[in-house]
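Asker: Its first residue numbered 364, the sequence shown is counted upward by one per residue in our numbering.
Here a beta-carbon is modelled for each residue, glycine too, at the ideal position from N, C-alpha and C.
First, the structure itself, so that you have it in front of you.
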Amino acid sequence: MDSLNPDHPPLVMTPAPPRVWKFWGTALWGLFIFAAMFVGQIGAILLLVALRGLPIDMASIQSVGQEPRALALSVITGLPATLAAVWLAIRFKKASFVDYLALYWPSWKQLLFGTVGLVLIVLAWEVTSRSLGREATPGFMTDLLKSGRDTGAALLLLVAFSVAAPMSEEVLARGFLFRGWSASFLRVSGAILLSSLVWTIVHLQYDLYFLAEVFTIGLWFGYMRHRAGSLWLTIILHALNNMTAVVLTMWLGG
Numbered sequence: 364m365d366s367l368n369p370d371h372p373p374l375v376m377t378p379a380p381p382r383v384w385k386f387w388g389t390a391l392w393g394l395f396i397f398a399a400m401f402v403g404q405i406g407a408i409l410l411l412v413a414l415r416g417l418p419i420d421m422a423s424i425q426s427v428g429q430e431p432r433a434l435a436l437s438v439i440t441g442l443p444a445t446l447a448a449v450w451l452a453i454r455f456k457k458a459s460f461v462d463y464l465a466l467y468w469p470s471w472k473q474l475l476f477g478t479v480g481l482v483l484i485v486l487a488w489e490v491t492s493r494s495l496g497r498e499a500t501p502g503f504m505t506d507l508l509k510s511g512r513d514t515g516a517a518l519l520l521l522v523a524f525s526v527a528a529p530m531s532e533e534v535l536a537r538g539f540l541f542r543g544w545s546a547s548f549l550r551v552s553g554a555i556l557l558s559s560l561v562w563t564i565v566h567l568q569y570d571l572y573f574l575a576e577v578f579t580i581g582l583w584f585g586y587m588r589h590r591a592g593s594l595w596l597t598i599i600l601h602a603l604n605n606m607t608a609v610v611l612t613m614w615l616g617g
C-alpha cells in the first residue's frame, strides 16, 4: 500500500483558508452593516412614534429618542439587524459564520489577562480624569442612566448597554472588520488600529477626551482579539466594562 511505502508517502490534505473579504470589500460591507444597525435602531424609535400617534418628523423622533426606555429599545433592536447584515456578507463568501468571526470561547487565563489589562486602562483614565478635574463618565450618560433608574427603565438600559451594544459593536469592529482587514495589506497591526478608529467614530456623541479613552480601550480589545483568537473574549470584556459603568452610575452615583 502507498501509505506504507516510503517512496510514496500519503497525501496530506491541507484545508483551504477561509475566503474573506479583503480591504475594500470589508470596508464597503462594513458601511452596509453600520447602516443596517442604524436602521434597526431608528426603526424602534419610529415604531414608538407611530404607536403614540405622533407626526413622523424629526421633532418627534428626537423627543421620543431621548427617553431612556426608547433609547434602550433602539439599542436592542440594532443587534438583530447587525447580525443579519453580517450573516449576509459572510454568506456571499460561503464561509462559516463561526469561523469568520472567531466565535470561540477563550480560556480562563485569556479572560483573566484581558480583564486585568482592561482594569488597568480604565483606572489610568480614571486617575487622569480626577487629576484634570473632569467627570469620569460623560454628563449626558449620567443623566440618561439616572433618569432611567428613576423611571423604571434601569433593567432595560442594563440589557441594552451591557449585552446588545457590546455584541453589535464587537461583531462589527473586532469581528467582521478585523477579520477582513487583517487578511489584507493592513495585516494585524493595521487592522487593530483601523477597527479601533472605526469603533471610536461610532461614539462621536462623546467629546475628544472620552473618544481618546474609547480608542485606547479599542486597541486593547483588538490586541486581545488577535492574541486569543476569540471574539467572545472581547464581547465579554466590552460587556464587563459597560456593565460596571452602568451599575456604578445608576446605583452608586459613580
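Would you kindly work out how many angstroms separate the C-alpha atoms of ARG542 and PRO431, rounded to a whole number?
Answerer: In the sequence shown, residue 542 corresponds to position 179, counting from 1. In the sequence shown, residue 431 corresponds to position 68, counting from 1. Rounded to the nearest angstrom, the two C-alpha atoms are 34 Å apart.
Asker: Could you check the C-alpha separation between PRO469 and GLY480 for me, to the nearest Å?
Answerer: Position 106 of the sequence shown, counting from 1, holds the residue named residue 469. Position 117 of the sequence shown, counting from 1, holds the residue named residue 480. Roughly 15 Å separates the two Cα atoms.
Asker: Just tell me which of TYR467, ALA422, LEU518, ALA527 has its CA closest to the CA of GLY403.
Answerer: What you label residue 403 is simply residue 40 of the sequence shown in a count that begins at 1. Per the Cα distances, ALA527.
Asker: Can you name, in chain order, every residue of its own chain whose Cβ lies under 6 Å from the Cβ of GLU489, other than the five neighbours on each side?
Answerer: Here the question's residue 489 lines up with position 126 in the sequence shown. These residues qualify, in order along the chain: ALA499.
Asker: Answer with buried or exposed for LEU521, where buried requires no fewer than 16 other C-beta atoms within 10 angstroms of its C-beta.
Answerer: Here the question's residue 521 lines up with position 158 in the sequence shown. Looking at its Cβ environment, which holds 16 or more other Cβ atoms inside 10 Å, LEU521 is buried.
Asker: Grouping DSSP H, G and I as helix and E and B as strand, with all else coil, what is SER459?
Answerer: Mapped onto the sequence shown, residue 459 falls at position 96. Coil, per DSSP.
Asker: Cβ of ARG588 within 8 Å of Cβ of ARG512?
Answerer: By 1-based counting over the sequence shown, the position of residue 588 is 225. By 1-based counting over the sequence shown, the position of residue 512 is 149. In this structure, ARG512 does not lie closer than 8 Å to ARG588 by Cβ.
Asker: Assuming ILE439 contacts LEU535 (C-beta within less than 8 Å), just tell me the rounded distance between them.
Answerer: One-based indexing of the sequence shown puts residue 439 at position 76. One-based indexing of the sequence shown puts residue 535 at position 172. No, ILE439 and LEU535 are not in contact; Cβ-Cβ is about 16 Å, not under 8 Å.
Asker: Where does SER328 land, buried or exposed, given buried means 16+ other C-beta within 10 angstroms?
Answerer: Given a span of 364 to 617 for the chain in the structure shown, any question on residue 328 remains unanswerable.
Asker: Rounded to whole angstroms, what's the CA-CA distance from LEU394 to VAL565? Just pull it up for me.
Answerer: For the purposes of this step, residue 394 is identified with residue 31 of the sequence shown, where counting begins at 1. For the purposes of this step, residue 565 is identified with residue 202 of the sequence shown, where counting begins at 1. If I take the Cα positions, the gap works out to 12 Å.
Asker: If I follow the unbroken alpha helix (DSSP H) through GLU533, where does it start and stop?
Answerer: Within the sequence shown, numbered from 1, the residue matching residue 533 stands at position 170. It spans 528–533 - the alpha helix (DSSP H) in which GLU533 sits, taken as one unbroken run.
Asker: According to DSSP, is THR389 part of a helix, a strand, or is it coil?
Answerer: Start at 1 with the first residue of the sequence shown, and residue 389 comes out as number 26. DSSP, reduced to helix, strand and coil, places THR389 within a helical segment of the structure shown.
Asker: Cβ of ILE419 within 7 Å of any heavy atom in the ligand COA?
Answerer: No copy of the ligand COA occurs in the structure displayed, which carries no ligand at all.
Asker: Go through its chain and collect everything with a Cβ distance to LEU540's Cβ below 7 Å, but skip five positions before and after it.
Answerer: The residue you call residue 540 lines up with position 177 of the sequence shown. Correct list, in chain order: THR389, GLY393, SER558, VAL561.
Asker: Using DSSP with H/G/I as helix, E/B as strand and the rest coil, what is GLU498?
Answerer: Taking the sequence shown and counting its residues from 1, the one referred to as residue 498 is at position 135. DSSP places GLU498 in coil when its eight states are reduced to three.
Asker: Of all the alpha helix (DSSP H) runs that stay within the bounds of the region 548–585, which reach a length of 4 or more residues?
Answerer: 550–564
Asker: Assuming THR612 is part of the alpha helix (DSSP H), what are its boundary residues?
Answerer: Numbered from its first residue, the sequence shown carries residue 612 at position 249. Per DSSP, THR612 belongs to the alpha helix (DSSP H) from 594–614.
Asker: Nearest to ILE424 by CA position, among LEU508, LEU466, VAL412, is which residue?
Answerer: Mapped onto the sequence shown, residue 424 falls at position 61. Here the closest residue by C-alpha is VAL412.
Asker: Does DSSP put TRP488 in a helix, in a strand, or in coil?
Answerer: On the sequence shown, residue 488 is found 125 positions in, with the first residue counted as 1. DSSP places TRP488 in helix when its eight states are reduced to three.
Asker: Pull up the distance between the alpha-carbon of PRO378 and that of ILE408, whole angstroms please.
Answerer: The sequence position of residue 378 within the sequence shown is 15, counting from 1. The sequence position of residue 408 within the sequence shown is 45, counting from 1. Note that PRO378 scores 49 on pLDDT, short of 50, meaning its location in the model is unreliable and no value can be drawn from it.
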